[in-house]
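Order-wise, the sequence lines are chains D and X.
Add 941 to a position in the first sequence, counting from 1, and you land on the number used in our numbering.
Add 941 to a position in the second sequence, counting from 1, and you land on the number used in our numbering.
There are 2 protein chains.
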Amino acid sequence: MKITLHSLATEVYVGRDLLNGTLLREFCGEQKVVIIADAVVRDLYGAKLAEILEAPLLTIPSGERAKTTETQEQLMGELFKMGIGKDTTLIALGGGVTTDLVGFIASIYMRGVVLILIPTTLLAMVDAAIGGKTALDTPFGKNLIGTIYHPKAVFIDLETLNTLPQKEVFNGFAEILKMGLIHDAAICDAISSEEELFGMILQAIKAKIAIVEQDPTEQGLRRILNFGHTVGHALETIADYQLAHGEAVAIGSLAEAHLSMQLGYLAEKDFAQIQKLYHNFSLQLPKAYNRDRLLQAMVYDKKRAKGVTRFVLIDRIGHALPFAGVFCRPVALNELEPSLKWMEKCYGSV
Amino acid sequence: MKITLHSLATEVYVGRDLLNGTLLREFCGEQKVVIIADAVVRDLYGAKLAEILEAPLLTIPSGERAKTTETQEQLMGELFKMGIGKDTTLIALGGGVTTDLVGFIASIYMRGVVLILIPTTLLAMVDAAIGGKTALDTPFGKNLIGTIYHPKAVFIDLETLNTLPQKEVFNGFAEILKMGLIHDAAICDAISSEEELFGMILQAIKAKIAIVEQDPTEQGLRRILNFGHTVGHALETIADYQLAHGEAVAIGSLAEAHLSMQLGYLAEKDFAQIQKLYHNFSLQLPKAYNRDRLLQAMVYDKKRAKGVTRFVLIDRIGHALPFAGVFCRPVALNELEPSLKWMEKCYGSV
């Protein structure tokens, strides 16, 4: 089973048994290939794939904390030492940390080498690996360094979900749900009625491709994908990445849905409906949370303009507000406070 | 006096008295601006421009050795600490090191901020600031990290050439001459007949824009701009950047013209004519030069494919060979040796 989607310069293959290598080998042709995976994914799939493709395999540490300049430099040093040239294809095999980091390296190594992404987590399949964003975290905030660089191909092998921990499934669901809230109510319906995962994955990928194709460089519409992330990224920063991205985005989506209601855009019953969608999630603010730290971390939000943080807002399930093509709106501190209070009350540790 | 050229996403202004700020101020509008210059240019033009634009001014060390990951990280750290957001314009004011480095930062800071280049050296005016290439050097070689990222505008103020040391004028001439050799014989004629500098600068910029527009991402034609740089970059690497880029490119252009002759593409009389074009240059191989080091450094040439270094070659003054659209050709060691011997004989220190 294999479905092919097209997004800008990228072919997206979704199917089962794609990691056996036949299609990948064909795709790489005679190009030199280097595979990069974290330690966990290396043992699960990396070593075997390296054997099939007869390619060297480099390992990075696991976890969001690896998505730094230090790992990037170390990895690039290894590539240089190996004499890896511009005629090389880099394959990123793993979750969002790996696809973000290796994508960034591919975009700057000798001014760009061919990139293939093989996401092995639900979150990377529906979000990180789609749309060409690459990123590193900095002490100032998440994803503050990066490029927009489109992979030649994305191979999504659903078999890899069989080895995914339940916690990681929730991480991916947080992004699928977000996509439902901002763009496609049918996704939320599918989640409510507990439909099969495969259909939802495909819907989420198609929705993301549609948005990215309309606004590849995030001048407007693409910003809606950032719903839930204004608060979410800040939470991750103050938790020093001890909070999973999905959990942060789930809390962030709820807080920003509350904000949408608070500002009069979203009906109360819609907000109640949204809360129900998250009933399976077990959410808690990080221990290091306090209001000042959150506000300080939000200063580094990339949507910020003229010194004011801007939020993506929704007016119903499945629809983000266009705000005259800007797709976000400045929110003053006093406008934001009731939603932060609500969030602290619901998910605070005290 | 002001001439406006268009290249991809970039407006290129060439004129005098552009640094007085009127046009620049208009261009930046209400955007927040940060100016980055090296210590020398800061004193010459930076401080005044910062005053006119009411913008903060950051300083980097002078010289090619500053074009490293370390400077990049330090500078980005300063920008983050200042709370600089994605709604900021970075202005790079200076030579090729500054435009390459700040261009790279602009391309990765929050996934890209608006960039304006103000080249103040002849080399940066005719080459580094045109075409969107950004770069950092690494211990493995020159420009091995980088992106292709187009500035919104390039302001070329010819007045700044008045403060340029003579050595720096030769640096720029090496790239103008290279452009003549690969693309526009009229440039070489102009140099032979000692025509006015201004016309040559304009010709060189127009030629570069024409090439870059045809092949923005260097899939073919744009490679011809790399003539003289296969040997040149390797020389800079082994000299640890104690050799000026222009000198390296001049020696490289001569060696690669010799190679073009050696391989039977270029007539002997044309090569003799080319040698004459460089009679004003005082050229010498770096002290650390030896054949093995050069060959080792050439391993990191970005045109290398399947383990063999490829060269841009010319078949007459003003024309690089297309090689079926690849615009470079693999050259085996035994093919290269006579030209290296010739280069060592002419420019060796012994």
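Just so it is clear, CB atoms sit at the ideal spot from N, CA and C, and this is done for glycine as well.
Original post:
What do you get for residue 1167 of chain X, buried or exposed, if any count of 16 or more other CB atoms within 10 angstroms of its CB means buried?
Top reply: Position 226 of the second sequence holds residue 1167 of chain X. The residue is buried, with at least 16 neighbouring Cβ atoms inside 10 Å.
Original post:
Taking buried to mean at least 16 other C-beta atoms within 10 Å of its own C-beta, is residue 1290 of chain D buried or exposed?
Top reply: For the purposes of this step, residue 1290 of chain D is taken as the residue at position 349 of the first sequence. Burial call: exposed.
**OP:** Using a cut-off of 7 Å between C-beta atoms, extract the partners of residue 1051 of chain D located in chain X.
**Re:** Residue mapping note: residue 1051 of chain D aligns to position 110 of the first sequence, counting from 1. By Cβ distance, chain X contributes 1085 and 1243.
**OP:** Alpha carbon to alpha carbon, how far is residue 1065 of chain D from residue 1071 of chain D? Give it in angstroms, no decimals.
**Re:** Here residue 1071 of chain D is taken as the residue at index 130 of the first sequence, counted from 1. Here residue 1065 of chain D is taken as the residue at index 124 of the first sequence, counted from 1. Taking the straight line from one Cα to the other gives about 8 Å.
**OP:** Just the C-alpha distance for residue 1204 of chain D and residue 1083 of chain D, rounded to the nearest angstrom, thanks.
**Re:** As a first step, residue 1204 of chain D is located in the first sequence; it is residue number 263 there, counting from the start. As a first step, residue 1083 of chain D is located in the first sequence; it is residue number 142 there, counting from the start. If I take the Cα positions, the gap works out to 27 Å.
**OP:** Mind reading off the beta-carbon distance from residue 976 of chain D to residue 1032 of chain D? Whole number of angstroms is fine, and I expect it under 8 Å.
**Re:** The sequence position of residue 976 of chain D within the first sequence is 35, counting from 1. The sequence position of residue 1032 of chain D within the first sequence is 91, counting from 1. About 5 Å separates the two Cβ atoms, so the contact holds.
Subject >> Proximity of residue 1222 of chain D and residue 1171 of chain D at Cβ, strictly below 8 Å >> reply: Position 281 of the first sequence, counted from the first residue, corresponds to residue 1222 of chain D. Position 230 of the first sequence, counted from the first residue, corresponds to residue 1171 of chain D. Cβ atoms of residue 1222 of chain D and residue 1171 of chain D: not closer than 8 Å.
Original post:
For residue 978 of chain D, which of D/994, D/962, D/1002 and D/993 has the nearest alpha-carbon?
Top reply: In the first sequence, the residue the question calls residue 978 of chain D occupies position 37. Here the closest residue by C-alpha is D/1002.
Original post:
Name the DSSP beta bridge partners of residue 1034 of chain D, please?
Top reply: In the first sequence, counting from the first residue as 1, residue 1034 of chain D sits at position 93. Note: residue 1034 of chain D sits in a beta bridge opposite D/978 and D/1059.
**OP:** Measuring alpha carbon to alpha carbon, tell me which of X/1051, X/1154 and X/959 ends up nearest residue 1021 of chain X.
**Re:** Your numbering for residue 1021 of chain X matches position 80 in the second sequence. Out of X/1051, X/1154 and X/959, X/1051 has the C-alpha closest to the C-alpha of residue 1021 of chain X.
Subject >> Interface flag, residue 1010 of chain X vs chain D, CB-CB below 8 Å >> reply: Here the question's residue 1010 of chain X lines up with position 69 in the second sequence. For residue 1010 of chain X, the answer is yes, since a Cβ of chain D falls inside 8 Å of its Cβ.
Original post:
When you check each C-beta in the segment 1220 to 1252 of chain D against every C-beta of chain X, which residues fall closer than 9 Å?
Top reply: 1240, 1241, 1242, 1243, 1244, 1245, 1246, 1247 and 1248
**OP:** Grab me the residues of residue 1125 of chain D's own chain with a C-beta within less than 7 Å of its C-beta, minus the 5 sequence neighbours each way, in chain order.
**Re:** For the purposes of this step, residue 1125 of chain D is taken as residue 184 along the first sequence, with counting starting at 1. So the qualifying residues of the chain are 1144, 1148 and 1259.
**OP:** Give the interface partners of residue 1089 of chain X over in chain D, defined as CB-CB distance under 9 Å, in chain order.
**Re:** As a working mapping, residue 1089 of chain X is identified with position 148 in the second sequence. Correct list: 1052 and 1053.
**OP:** Using a Cβ-Cβ cut-off of less than 9 Å, give me the residues of the segment 1020 to 1032 of chain D that come near chain X, in sequence order.
**Re:** Per Cβ criterion, the list reads 1021, 1022, 1024, 1026, 1027 and 1028.
Subject >> Members of the segment 1149 to 1162 of chain X near chain D, C-beta cut-off 7 Å >> reply: none
Subject >> Identity of the residues DSSP links to residue 956 of chain D by a beta bridge >> reply: For this step, residue 956 of chain D is matched to residue 15 along the first sequence. Residue 956 of chain D pairs with D/943 and D/1098.
Subject >> Coil, strand or helix - residue 1258 of chain X by DSSP >> reply: Taking the second sequence and counting its residues from 1, one reaches residue 1258 of chain X at position 317. Reduced to three states, the DSSP call for residue 1258 of chain X is coil.
Subject >> Residues near residue 1007 of chain X by beta carbon distance below 8 Å, same chain, minus five either side >> reply: Looking up residue 1007 of chain X in the second sequence gives position 66. So the qualifying residues of the chain are 979, 1001, 1038 and 1042.
**OP:** Using a Cβ cut-off of 9 Å, pull out every chain D residue sitting near residue 951 of chain X, in sequence order please.
**Re:** As a position in the second sequence, residue 951 of chain X is number 10, starting the count at 1. Result: empty, since nearest Cβ-Cβ is about 16 Å, beyond 9 Å.
Original post:
Within 8 Å (strictly less), CB to CB, does residue 1014 of chain D reach chain X?
Top reply: By one-based count along the first sequence, residue 1014 of chain D stands at place 73. It does; some Cβ of chain X falls within 8 Å.
Original post:
Based on the DSSP output, what are the partners of residue 1249 of chain D in its beta bridges?
Top reply: Here residue 1249 of chain D refers to the residue found at position 308 of the first sequence. In DSSP, residue 1249 of chain D forms a bridge with D/1246.
Original post:
Pick from X/1150, X/1004, X/1026 and X/958: whose alpha carbon is nearest that of residue 913 of chain X?
Top reply: Outside the displayed range of chain X (942 to 1291) lies residue 913 of chain X, so it cannot be described from this structure.
**OP:** Compare the C-alpha of residue 970 of chain X against each of X/1028, X/1281 and X/981 and name the closest.
**Re:** The residue given as residue 970 of chain X occupies position 29 in the second sequence. Per the Cα distances, X/1028.
**OP:** Below 9 Å between beta carbons is the criterion; list the residues of the segment 1068 to 1083 of chain D that meet it against any residue of chain C, in chain order.
**Re:** The displayed structure is made up of protein chains D and X, and chain C is not among them.
Original post:
Going along chain X, which residues have a C-beta under 9 Å from residue 948 of chain D?
Top reply: Walking along the first sequence from the start, residue 948 of chain D turns up at place 7. Near residue 948 of chain D there are no residues of chain X at all, since even the closest Cβ is about 18 Å away, more than 9 Å.
Original post:
Over what stretch of residues does the alpha helix (DSSP H) that includes residue 1221 of chain D continue unbroken?
Top reply: For the purposes of this step, residue 1221 of chain D is taken as residue 280 along the first sequence, with counting starting at 1. No alpha helix (DSSP H) holds residue 1221 of chain D; DSSP gives it neither H nor E.
Original post:
According to DSSP, is residue 1050 of chain X helix, strand or coil?
Top reply: Taking the first residue of the second sequence as 1, we reach residue 1050 of chain X at position 109. The answer is strand: DSSP assigns residue 1050 of chain X an E or B state.
**OP:** Determine, using beta-carbon pairs with one atom in the segment 978 to 998 of chain D and one in the segment 1111 to 1127 of chain D, whether at least three such pairs fall under 8 Å.
**Re:** Per the Cβ contact rule, the segment 978 to 998 of chain D is not in contact with the segment 1111 to 1127 of chain D (fewer than 3 Cβ pairs under 8 Å).
Subject >> Reduced DSSP category for residue 1205 of chain X - H, G, I as helix; E, B as strand; rest coil >> reply: Here residue 1205 of chain X refers to the residue found at position 264 of the second sequence. In the structure shown, residue 1205 of chain X sits in coil (DSSP, three-state: anything other than H, G, I, E or B).
Original post:
Are three or more beta carbon pairs between the segment 1103 to 1120 of chain D and the segment 1196 to 1203 of chain D nearer than 8 Å?
Top reply: no
Subject >> Alpha-carbon to alpha-carbon, residue 1139 of chain D and residue 1285 of chain D >> reply: The sequence position of residue 1285 of chain D within the first sequence is 344, counting from 1. The sequence position of residue 1139 of chain D within the first sequence is 198, counting from 1. One C-alpha to the other measures close to 34 Å.
Original post:
For residue 1036 of chain D, which residues of its own chain have a beta-carbon under 8 Å away from its beta-carbon, when the five flanking residues on both sides are left out?
Top reply: One-based indexing of the first sequence puts residue 1036 of chain D at position 95. So the list reads 979, 982, 1060, 1061, 1062, 1064, 1065, 1069 and 1109, once near-sequence residues are dropped.
Subject >> Per-residue DSSP class, three states only, for residue 1134 of chain D >> reply: For this step, residue 1134 of chain D is matched to residue 193 along the first sequence. Coil, per DSSP.
Subject >> residue 939 of chain X - containing beta strand (DSSP E), residue span >> reply: Because residue 939 of chain X is not part of the residues shown, which for chain X are 942 to 1291, the question remains open.
Subject >> chain D contact residues for residue 1048 of chain X, given Cβ-Cβ distances below 8 Å >> reply: Numbered from 1 along the second sequence, position 107 holds the residue referred to as residue 1048 of chain X. Within chain D, the residues near residue 1048 of chain X are 1088.
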